[in-house]
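A quick write-up on the structure given underneath.
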Amino acid sequence: MSLTLDFLLPPPPASYKADQAHASASATSDRLLEPVGPSFFAYARRKRHNRTFSEDERHQAEEKANQIVEEEKVDFEYEDVDIDTVNTDPTAWKTQDNYAVLGLTKLRYKATEEQIKKAHRRMVLLHHPDKKADKNDDAFFKCIAKAYETLMNPVSRRQYDSVDFGMSYIDEDVPTAKTPGNFYKLWTPVFEREARFSTKQPVPMLGNEESTKEDVEKFYDFWYNLDSWRTFEWLDKEGAEGADNRDDKRYQEKKNRAQRAQLKKEDNARLRKLIDVCLSVDPRIAQFRAEEKKRRNAKKDAKAAAEKAAAEEAARKAEEERIAREKAEAESKAAAASAKKDKENLKKLVKKEKKTIKGLFNGNNYGLPADTKATPSQIEKQLVAMDAVIVKNKMIEDLEKLRKDLEQAVKDGKFVEVFASYAEAAK
């Protein structure tokens, strides 16, 4: 292909010369060039493991193959999804069965993240808009994306699992008191489903006919006091987020909270009614009651047989107690009299010791030096000190020691010093 220009180029300037450089080249410099991005990581990986290009490429291929094998090991059974039976309107995502959209109806709340990823990958491959005649028909693809987004987010998945629309008909299918069949086969699946809502895990299960009374009582006690995490937030009206007016938004939030509380109350009533029905038809309860009645009757017969012997034994014990009581009363009176006598004797001894001590005190110039003529104020001060010493040593043993110390002090001529030491200690 050739291009013909329909105009002439202007002539070069007069100073132009074909063999002359018209600009100077910049000075040369050394620069270090390093790989960046994926190339940098590949370079660092090769250096670290001392591999050549071919060795590194082979190792990376093996790792990728192993990763694919690990993904294939995820325990998962593909389900065929009938588009006519699931939601295909992306605007109705709030009411769609997310597990059905991804083909996880057999697993539902038991599905792991890996199983959800695998189901999503398969649905994307099957229903990508590029594989349709009308490439603008992406409605169901958007439903798939929303289901994946909801189930991969722990918060939104918990909210959805709280009201899982695909489980509603299963949860409502519970036995009644008149439903025929094996009690354990009828009711075990019911409590296994309800256990998913318990905050406390693991949850005690129904058990079987060999369960002990303690296990059965523990089971019903747990379920009657079940702490459920169901919040019903998924059913909130969207106006709370889209409202422009603050008052309207608060009003909608208030309505949503009231609706959640009402639904929570209804769910608690539903669960309690379910447990009541189960308890009323539990064959183990009837068996425990029969055994209890039999034990009570046996106790009653044994009680009747033992009443006569018990009455005789009671009479004998009453007589022995009467004799023992009279003896104890006599001993108590004697002990009281003896104690009273001892108390009186002790009072006499205390009085005698105090009198002796005061006599020593008065006879030795009130605890003042012998060559000192005591004035009334000094005598009063010494008497106060004497009273304090007696109060300090009010026990009979202390009074005896005080008397002996003062008597010895009189003999040693140290009454003033000894009394002063006692007076100081009594302050």
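First residue of the sequence shown: 74, per our numbering; consecutive thereafter.
The beta-carbon is built from N, C-alpha and C at its ideal position, and this holds for glycine as well.
Three-state secondary structure (DSSP) of residue i
i, result
"Ser405", "helix"
"Ser271", "strand"
"Ser102", "coil"
"Ser494", "helix"
"Ser411", "helix"
"Ser112", "helix"
"Ser301", "strand"
"Ala117", "helix"
"Asp478", "helix"
"Asp162", "coil"
"Gly440", "helix"
"Ala397", "helix"
"Val142", "Note on Val142: pLDDT 49, under 50, position unreliable in the model; the coordinate value appears next. Residue state, collapsed to three classes: helix."
"Ala379", "helix"
"Lys425", "helix"
"Ala313", "Reliability fails at Ala313, whose pLDDT of 47 lies under 50, so the model's placement of it is uncertain and no value is given."
"Met74", "Residue placement at Met74 is flagged as unreliable, the pLDDT there being 47, under the threshold of 50; the coordinate-derived value follows with that caveat. In the structure shown, Met74 sits in coil (DSSP, three-state: anything other than H, G, I, E or B)."
"Val483", "helix"
"Glu150", "coil"
"Asp211", "coil"
Beta-carbon spacing of residue i, residue j below 7 Å
i, j, result
"Ala482", "Ala458", "no"
"Met196", "Leu177", "no"
"Asp349", "Asn329", "no"
"Phe361", "Lys286", "yes"
"Phe114", "Thr161", "no"
"Glu426", "Leu472", "yes"
"Val423", "Ile469", "yes"
"Ile430", "Tyr439", "no"
"Asp103", "Arg119", "no"
"Arg323", "Phe305", "no"
"Ala220", "Asn171", "yes"
"Val247", "Leu352", "no"
"Lys215", "Pro163", "yes"
"Val154", "Ala250", "no"
"Pro277", "Phe292", "yes"
Span of the alpha helix (DSSP H), counted from its first residue to its last, around residue i
i, result
"Met459", "449-465"
"Pro227", "227-234"
"Trp260", "256-267"
"Asn171", "171-175"
"Trp296", "286-297"
"Arg343", "319-354"
"Ser88", "That residue, Ser88, is in no alpha helix (DSSP H); it is neither H nor E in DSSP."
"Arg195", "186-200"
"Asp244", "241-245"
Whole-angstrom distance between residue j and residue i, CA atom to CA atom
i, j, result
"Trp166", "Arg181", "17 Å"
"Leu299", "Arg343", "12 Å"
"Ser301", "Lys190", "28 Å"
"Asp211", "Pro356", "55 Å"
"Glu326", "Gln232", "16 Å"
"Phe488", "Ala397", "57 Å"
"Glu144", "Glu267", "Bear in mind that a pLDDT of 49 at Glu144, under 50, signals an unreliable position, so the number given afterwards is only what the model happens to contain. The straight-line gap from Cα to Cα measures roughly 31 Å."
"Ser112", "Ser127", "15 Å"
"Ala498", "Glu393", "57 Å"
"Glu480", "Val491", "10 Å"
"Gly436", "Pro442", "12 Å"
"Pro275", "Tyr116", "50 Å"
"Ala388", "Ala379", "14 Å"
"Ser235", "Arg303", "5 Å"
"Pro262", "Gly280", "11 Å"
"Leu105", "Arg131", "29 Å"
"Ala493", "Ala407", "45 Å"
"Thr125", "Ser229", "48 Å"
"Lys474", "Ala391", "52 Å"
"Leu419", "Asp478", "21 Å"
"Ala313", "Asp321", "Because Ala313 sits at a pLDDT of 47, beneath the cut-off of 50, its placement in the model cannot be relied upon, and the point is left open."
"Lys372", "Ala383", "15 Å"
"His201", "Lys137", "25 Å"
"Asp273", "Asn226", "At residue 273 the sequence reads Lys, which differs from the Asp that was named. Each residue's alpha carbon lies about 21 Å from the other."
"Lys446", "Lys454", "14 Å"
"Glu282", "Tyr151", "37 Å"
"Lys376", "Asp288", "30 Å"
"Ala331", "Ala134", "57 Å"
"Asn341", "Phe270", "11 Å"
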